[in-house]
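The opening position of the sequence shown corresponds to residue 1 in UniProt numbering, with each subsequent residue numbered one higher. Glycine included, each C-beta is placed from N, C-alpha and C at the ideal position. A short worksheet on the structure shown next.
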Amino acid sequence: MKTHIVPDVKIQYQQGIKPSMFKSLIGRGHPEFSTKRQQDAVEFLLHLINITERHTRVHPKSTVSPAESFKFRVEERLQCLSSGKVRYTHRPEYNLPVPVPLETASHMEEVRLYNEQKKAAMAAGQQFKSDDIVRPKITLQSCLEALVCPEEVQNFYSTAISGKTTETLKYQTTPDFLWIQLRKFTLAEDWSPVKLDVAVEIPQILDLSFMKASGQQPDEILIPDQVTAADAAAEPPFDMAIVESLTEMGFPLRPLLNGSWKNLDDPDFLAPPPPSSASGRKIFRKFWSQCLTGTFKPDEEGVAMLQSMGFSRSQCVKALKNTDNNVERAANWIFSHPDEINSDDFTPVVSASTVSAPSASEPTFTDGPPVYELAAFISHMGTSTSVWLYVCHIERDGRWVIFNDEKVAVSENPPFELGYLYLYRRSSMN
C-alpha cells in the first residue's frame, strides 16, 4: 500500500493584534480579567470602558474620552403609593441591560411539546432528533417595554411615608452608540444558574422615543430630601455600612442598633459568635469609634497614587474611605461613582499648557434623535453558564462579518435572534 505524504499547509491569518494579546493587556492587574478563567462579555466591556476613562482623564492632551460615545443619563422615578409623592434621581450608564419577559413569548404550546419529546427521548436513552430547535420567541420591543414598566418595590422608606412604591426607569439622554444587553442568565427554581434559551426578534431599525423621560410634572409633589427634627433625633448616630461590616464579622445586629455596644466585654453580648481574642474587640472598638466620630485616616501612599491620576486630595480620601483604604478598589470606585465624586471640588493636576477641557464636576452627555440602526452584536455560544465562548458579528458596507478570534469571514445568515449584547448606532450619524 502506497503512503501519500500530505504537505504541511500553513494557515494564514491576518496581521494584527490577537484577541488574547488585547485581553492580556486590558486585563493586566485585574483580579479576574488577568486570569484565564471564563468571563462575562458585559463585565469585560465595562472594565474596558473604565480603563479608557481612567487613561483619558490623566492624559494631558485628552479632551473627550471615546467612552463618552456610549454614556447616557438614566432617570429613576420613585412614587410612594401611600402619599403619591415622587422622587427623581439620575445616574450615568454605559449599557442598557433589559429583562427577557418569557410571559410575552409566542407559541409556548409548541415549546412545551418539544421539551416533553426531548425529555422522553433522553429518559429512554435515545438520541433526540429534530430538524429545528423550538425556542420561545419574543421581541426586543417587549423587553424594552418590560424595562420601563413601573415596578413595585416593597417596604420602601422615605421622608414621606414607609410603604410600597413604584420604580420607573427611563432615559434623559441618548448616546451615539447604544449597548443593549439581554439578561439571559438567571436563576432556576433551585437557585442554580441557567441561560434562557430564547429567540429574540431584533429590529434593524430601533426607535426609542417611547422611553424618553419627561421629568417632574407640574402636578407632582417631591418627596422631601430632609427629615424632620424628630426623625433626625430618632436616627441612630452610626454608619449602617460599618454596622453591616460588623455583623459579617459575627457581631449580633440588635446590640449594635440599640447602643449596647458599650457592654462589649459582656459574654451575652458577644455570643454567638464572640471575637476570639482581645484583638477582635479592639477591631470592633476601632470600627465603632470611627462610626460615631466620623474620623478616618487615609493611607497617605494611596492618596499620593490617586492624586497622580489627577484627582484632588478630598476626592482621593473619599474614595479610600469607601473602599477600606484599598487603592485599586478606590480607583475603580472613583470611575464608577462619578456623581458622588463630582459633588466635591474637582481640581485635576494639570500643567498650564494643558488643553482646556470641560469641568469634570459637570458630566457631559451626548444626545440626539433616539432612532438607531443595528451595527454589531455579540453571541454567547452554547447553553452552559460555565463556558463563556463568544463570537461577534459586525456590519461592514452592507455585509455582516463574523469574528471568531483571528478567524474572520462573511456571514451569510447572521443569527440576529440569538445574540447576547447588541450595539446600535444612531441613524443620523450615517
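### Task
Look at Ala199 and Leu418 and say whether their C-beta atoms are less than 9 Å apart.
Locating residue 199 in the sequence shown gives position 199, counting from the first residue. Locating residue 418 in the sequence shown gives position 418, counting from the first residue. Yes, they are a contact pair.
### Task
Quick one: give me the first and last residue of the beta strand (DSSP E) that Tyr372 is part of.
Counting from 1 along the sequence shown, the entry for residue 372 is found at position 372. Segment 371-380, the beta strand (DSSP E) holding Tyr372.
### Task
Answer with buried or exposed for His55, where buried requires no fewer than 16 other C-beta atoms within 10 angstroms of its C-beta.
Indexing the sequence shown from 1 puts residue 55 at position 55. Counting Cβ neighbours within 10 Å, His55 comes out exposed, since fewer than 16 surround it.
### Message
Could you check whether Phe44 and Lys18 sit closer than 9 Å to each other, using their CB atoms as the reference points?
### Response
Reading the sequence shown from its first residue, position 18 is the one you call residue 18. Reading the sequence shown from its first residue, position 44 is the one you call residue 44. A distance of 9 Å or more separates the beta carbons of Lys18 and Phe44.
### Task
Tell me, to the nearest whole angstrom, how far the beta carbon of Ile223 is from that of Lys85; I am working on the premise that it is less than 8 Å.
Locating residue 223 in the sequence shown gives position 223, where the first residue counts as 1. Locating residue 85 in the sequence shown gives position 85, where the first residue counts as 1. So it is a contact: roughly 5 Å between Cβ atoms.
### Query
Rounded C-beta distance between Leu320 and Ala304? I'm assuming under 8 Å.
Working through the sequence shown from its first residue, we reach residue 320 at position 320. Working through the sequence shown from its first residue, we reach residue 304 at position 304. At roughly 11 Å, the Cβ-Cβ gap does not stay under 8 Å, so Leu320 and Ala304 are not in contact.
### Message
So Ala41 and Pro101 are supposed to be a Cβ contact under 8 Å. How far apart are they, rounded?
### Response
Residue mapping note: residue 41 aligns to position 41 of the sequence shown, counting from 1. Residue mapping note: residue 101 aligns to position 101 of the sequence shown, counting from 1. Taking C-beta atoms under 8 Å as the contact rule, Ala41 and Pro101 fail to qualify, at a distance of about 22 Å.
### Query
Using a C-beta cutoff of 9 Å, does Trp179 count as contacting chain B?
Included in the structure is just one protein chain, with no chain B present.
### Message
What ranges does the beta strand (DSSP E) occupy inside the segment 117-155, keeping only unbroken runs of at least 3 residues that lie completely in it?
### Response
Every unbroken stretch of the beta strand (DSSP E) spanning 3 or more residues and falling wholly within the segment 117-155 is given here in chain order: 137-139.
### Task
Give the range of the beta strand (DSSP E) segment to which Pro19 is assigned.
The residue you call residue 19 lines up with position 19 of the sequence shown. No beta strand (DSSP E) holds Pro19; the alpha helix (DSSP H) holding it covers 19-26.
### Task
Count the C-beta pairs between the segment 368-382 and the segment 78-97 that are closer than 8 Å, then say yes if the count reaches three, no if not.
No contact exists between the segment 368-382 and the segment 78-97.
### Task
Have a look at the DSSP bridge pairing and note the partners of Asp405.
Mapped onto the sequence shown, residue 405 falls at position 405. DSSP lists no partner for Asp405.
### Task
Determine the direct distance from the alpha carbon of Phe177 to that of Arg37, and round the result to whole angstroms.
Here the question's residue 37 lines up with position 37 in the sequence shown. Here the question's residue 177 lines up with position 177 in the sequence shown. Taken atom to atom, the span from the alpha-carbon of Arg37 to that of Phe177 is near 29 Å.
### Query
Is Asp207 closer than 9 Å to Val98 when the C-beta atoms are compared?
By 1-based counting over the sequence shown, the position of residue 98 is 98. By 1-based counting over the sequence shown, the position of residue 207 is 207. Taking 9 Å as the Cβ cut-off, Val98 and Asp207 do not qualify as a contacting pair.
### Query
In the DSSP assignment, what residue or residues form a beta bridge with Val391?
Numbered from 1 along the sequence shown, position 391 holds the residue referred to as residue 391. BP columns for Val391 point to Ser379.
### Query
Can you tell me whether Glu235 is buried or exposed, with buried defined as 16 or more other CB within 10 angstroms of its CB?
If you number the sequence shown from 1, residue 235 lands on position 235. Any reading at Glu235 must be qualified, since the residue scores a pLDDT of 49, below 50, and its modelled position is unreliable; no value is offered.
### Message
My output table needs one value for Thr52: the three-state DSSP class, helix, strand or coil.
### Response
Indexing the sequence shown from 1 puts residue 52 at position 52. Reduced to three states, the DSSP call for Thr52 is helix.
#### Entry: Between the CA atoms of Gln204 and Arg426 - distance to the nearest angstrom
As a first step, residue 426 must be located in the sequence shown, where it is residue number 426. As a first step, residue 204 must be located in the sequence shown, where it is residue number 204. Going from the Cα of Arg426 to the Cα of Gln204 covers about 12 Å.
### Task
Spell out the partners DSSP gives Arg425 in its beta bridges.
Numbered from 1 along the sequence shown, position 425 holds the residue referred to as residue 425. In the DSSP secondary-structure assignment, Arg425 is bridged to Phe177, Glu373.
#### Entry: Residues of its chain near Ala188, where Cβ-Cβ distance is below 8 Å and the 5 sequence neighbours each way are ignored
Looking up residue 188 in the sequence shown gives position 188. Here the set comprises Val194.
### Query
With a CB to CB cut of under 6 Å and the five nearest residues on each side skipped, what residues in its chain are close to Gln181?
Mapped onto the sequence shown, residue 181 falls at position 181. Excluding sequence neighbours, Gln181 sits near Val42, Asn95, Pro97, Leu421.
### Query
What's the gap between the Cα of Leu423 and the Cα of Gln79?
The sequence position of residue 423 within the sequence shown is 423, counting from 1. The sequence position of residue 79 within the sequence shown is 79, counting from 1. Counting only the Cα atoms, Gln79 lies some 32 Å from Leu423.
### Task
Starting from His90, follow its DSSP beta bridges and name the residues at the other end.
Residue 90 sits at position 90 when you count from the first residue of the sequence shown. His90 pairs with Glu75.
### Query
Which word fits Asn413, buried or exposed, when buried means at least 16 other C-beta atoms lie within 10 angstroms of its C-beta?
Numbered from its first residue, the sequence shown carries residue 413 at position 413. Exposed is the call here.
### Query
In three-state terms, what does DSSP make of Pro66?
In the sequence shown, the residue the question calls residue 66 occupies position 66. Here Pro66 sits in helix by DSSP.
#### Entry: Nearest to Gly368 (by Cα), restricted to the options Val64, Phe72, Arg28, Pro66
Mapped onto the sequence shown, residue 368 falls at position 368. Between Gly368 and the set Val64, Phe72, Arg28, Pro66, the nearest pair of CA atoms involves Phe72.
### Task
Could you please give the first and the last residue of the uninterrupted alpha helix (DSSP H) stretch that includes Glu301?
Against the sequence shown, residue 301 aligns to sequence position 301. Taken as a continuous stretch (DSSP letters only), the alpha helix (DSSP H) holding Glu301 covers 300-307.
### Task
Use the C-beta contact count for Leu25: other C-beta atoms within 10 angstroms, 16 or more gives buried, fewer gives exposed.
Mapped onto the sequence shown, residue 25 falls at position 25. Per the 10 Å Cβ criterion, exposed.
### Message
Is it buried or exposed, residue 443, if we count other Cβ atoms within 10 angstroms and call 16 or more buried?
### Response
The displayed coordinates of the chain run from 1 to 430. Any statement about residue 443 would go beyond what the structure contains.
### Message
Can you tell me where the alpha helix (DSSP H) holding Lys318 begins and where it ends?
### Response
Walking along the sequence shown from the start, residue 318 turns up at place 318. If you look at Lys318, you'll find it in the alpha helix (DSSP H) that goes 313-322.
### Message
Can you tell me which residues form a DSSP beta bridge with Lys195?
### Response
Taking the sequence shown and counting its residues from 1, one reaches residue 195 at position 195. In DSSP, Lys195 forms a bridge with Phe185.
### Query
Which residues bound the beta strand (DSSP E) around Asp207?
Stepping through the sequence shown from its first residue, residue 207 is reached at position 207. Note, Asp207: beta strand (DSSP E), 205-207.
### For Phe377, the nearest candidate out of Gly125, Ser411, Asp299 (CA to CA)
Locating residue 377 in the sequence shown gives position 377, counting from the first residue. Looking at the Cα atoms, Ser411 is the closest of the given residues.
### Task
Sort out for me which residues DSSP pairs Lys170 with in a bridge.
By one-based count along the sequence shown, residue 170 stands at place 170. According to DSSP, which records beta bridges pairwise, Lys170 is partnered with Glu75.
### Residues near Asp344 in its chain [Cβ-Cβ closer than 6 Å; skip 5 each side]
On the sequence shown, position 344 is the one that residue 344 refers to. Residue confidence for Asp344 is low, a pLDDT of 43 falling below 50, so the modelled location carries little weight and cannot support an answer.
### Message
Can you find the residues in the same chain that come closer than 8 Å, C-beta to C-beta, to Lys184, ignoring five residues on each side of it along the sequence?
### Response
On the sequence shown, residue 184 is found 184 positions in, with the first residue counted as 1. Counting only Cβ-Cβ distances below 8 Å, and skipping sequence neighbours, we find Val100, Lys195, Leu196, Val198, His380, Tyr420.
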